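Written out below as structure tokens is the structure these notes cover.
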Amino acid sequence: EAGVAQSPRYKIIEKRQSVAFWCNPISGHATLYWYQQILGQGPKLLIQFQNNGVVDDSQLPKDRFSAERLKGVDSTLKIQPAKLEDSAVYLCASSLSKTRGNYEQYFGPGTRLTVT
Amino acid sequence: SQKIEQNSEALNIQEGKTATLTCNYTNYSPAYLQWYRQDPGRGPVFLLLIRENEKEKRKERLKVTFDTTLKQSLFHITASQPADSATYLCALRLNRDDKIIFGKGTRLHILP
């Protein structure tokens, strides 16, 4: 079974530039998550999708971050404009529908973003 | 305030011994608690889940306990091996609003 795919793996941009990350979850997984993980910290949930609908985006800085999940499969996370404090690893994870009681999350390798 | 605390410093354990990692939380009401392993440059990997009405779960050399009175989970690795060296994260899924909250993680070093 293929895992969660993310691209790019690394990205370096200057502050005020924009950047986009892509995630392809495991086939059949209805729930998709984007996390931000700052060095030395645990992952922080940014947004959670159930199919193509947003379940929780309470910690997403909506003035600069946006995310979409078209057709309930792939997802993109965008930052515009980027700030220095956005430097982090952005992790995508997926899980089977929570209505089935299965909450195990499968994570991708992450995208390491450096904002200079 | 709400907090999740894991062993703040790295943990060094001699190979063959049991490693015990702690996850304490305050002012949360979790539906369940998960433990993940994270290696450098990789995403977390799910290990075990324990529900609020369960006291203990086992999987091979791993054991998790969950005490909702003490608001604490303990994660044990028995017969530890150098390959067990990694960062271990605990995560709570909350009853209230189904949010997922991760701790900072504990770096575990198994010394040969």
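Protein chains in written order, with the numbering used here: chain R, 13 to 128; chain D, 927 to 1038. Here a beta-carbon is modelled for each residue, glycine too, at the ideal position from N, C-alpha and C. This structure is a prediction, so every number in the text was calculated from the model and none was measured.
Can you tell me whether residue i is buried or exposed? The criterion is at least 16 other CB atoms within 10 Å of its CB, across all chains shown.
i, result
"R:Leu96", "exposed"
"D:Asn933", "buried"
"R:Leu58", "buried"
"D:Ala936", "exposed"
"D:Gly967", "exposed"
"D:Leu996", "exposed"
"D:Leu1027", "One point to set straight first is that residue 1027 of chain D is Ile, not Leu, in the sequence displayed. With 16 or more Cβ atoms within 10 Å of its Cβ, D:Ile1027 is classed as buried."
"R:Gly120", "buried"
"R:Arg28", "exposed"
"R:Ile24", "exposed"
"R:Thr128", "exposed"
"D:Ala1017", "buried"
"R:Tyr118", "buried"
"D:Asp965", "exposed"
Taking Cβ positions only, does residue i come closer than 8 Å to chain B?
i, result
"R:Pro93", "Protein chains in the displayed structure are R and D, and chain B is not among them."
Please name the residue, chosen from the options, that lies closest to residue i on a Cα-to-Cα basis.
i, options, result
"D:Asp993", "D:Gln1007, D:Thr1004, D:Ser955 and D:Lys1030", "D:Ser955"
"D:His1002", "D:Leu996, D:Leu1018 and D:Tyr1014", "D:Tyr1014"
"D:Leu947", "D:Glu931, D:Tyr958 and D:Leu975", "D:Glu931"
"D:Glu978", "D:Thr952, D:Arg1019 and D:Thr1032", "D:Arg1019"
"D:Lys939", "D:Pro970, D:Ala1012, D:Ala1017 and D:Leu975", "It is worth fixing the name first, because residue 939 of chain D is Ile in this sequence and not Lys. Comparing Cα-Cα distances from D:Ile939 to each of D:Pro970, D:Ala1012, D:Ala1017 and D:Leu975, the minimum goes to D:Ala1012."
"R:Phe61", "R:Val16, R:Tyr118, R:Gln92 and R:Gly84", "R:Gly84"
"R:Tyr45", "D:Lys1030, D:Lys1025, D:Arg1033 and D:Thr1032", "D:Lys1025"
Excluding the 5 residues flanking residue i on each side, which residues of the same chain have their C-beta closer than 6 Å to its C-beta?
i, result
"R:Pro55", "Tyr47, Gln49 and Leu103"
"D:Phe972", "Tyr962"
"D:Thr1004", "Thr944 and Arg987"
"D:Asn1021", "Ser955 and Ala957"
"R:Arg112", "With a pLDDT of 48 at R:Arg112, under the threshold of 50, the predicted position of this residue should be treated as unreliable, though the coordinate-derived value follows. Correct list: empty, nothing qualifies."
"R:Ser78", "Lys90"
"R:Gly122", "Val101 and Leu103"
"R:Asn64", "Arg81 and Gly84"
Sorted by chain position, which residues of the same chain lie with C-beta nearer than 8 Å to residue i's C-beta, five sequence neighbours on each side aside?
i, result
"R:Gly40", "Leu108"
"R:Pro93", "Lys27, Arg28, Gln29, Ser30 and Arg76"
Excluding sequence positions up to five away, which residues of its chain have a Cβ less than 7 Å from the Cβ of residue i?
i, result
"D:Glu941", "Ser1006, Gln1007, Pro1008, Ile1036, Leu1037 and Pro1038"
"D:Lys943", "Ser1006"
"R:Ala100", "Gln48, Gln49, Ile50 and Leu125"
"D:Thr991", "Lys981, Glu982, Ser999 and Leu1000"
"R:Glu116", "Ser107"
"D:Gln928", "Thr952, Asn953 and Tyr954"
"D:Asn950", "Glu931, Lys997 and Gln998"
- Evaluate the contact criterion for the segment 981–989 of chain D versus the segment 26–43 of chain R: three or more CB pairs, one atom per stretch, below 8 Å. no
- With a cut-off of 8 Å, do at least 3 Cβ pairs link the segment 62–71 of chain R to the segment 19–26 of chain R? no
- Could you list the residues in the segment 962–995 of chain D with a C-beta less than 9 Å from some C-beta on chain R, going in chain order? Tyr962, Gln964, Gly967, Arg968, Gly969, Pro970, Val971, Phe972 and Leu975
- Listed in chain order, which residues of the segment 1016–1032 of chain D have Cβ atoms closer than 9 Å to some Cβ of chain R? Cys1016, Ala1017, Arg1019, Asp1023, Asp1024, Lys1025, Ile1026, Ile1027, Phe1028, Gly1029, Lys1030 and Gly1031
- Message: To be precise: take each residue of the segment 74–103 of chain R, compare its Cβ to all Cβ atoms of chain D, and keep it if any distance is under 9 Å. Which residues remain?
- Response: Val101 and Leu103
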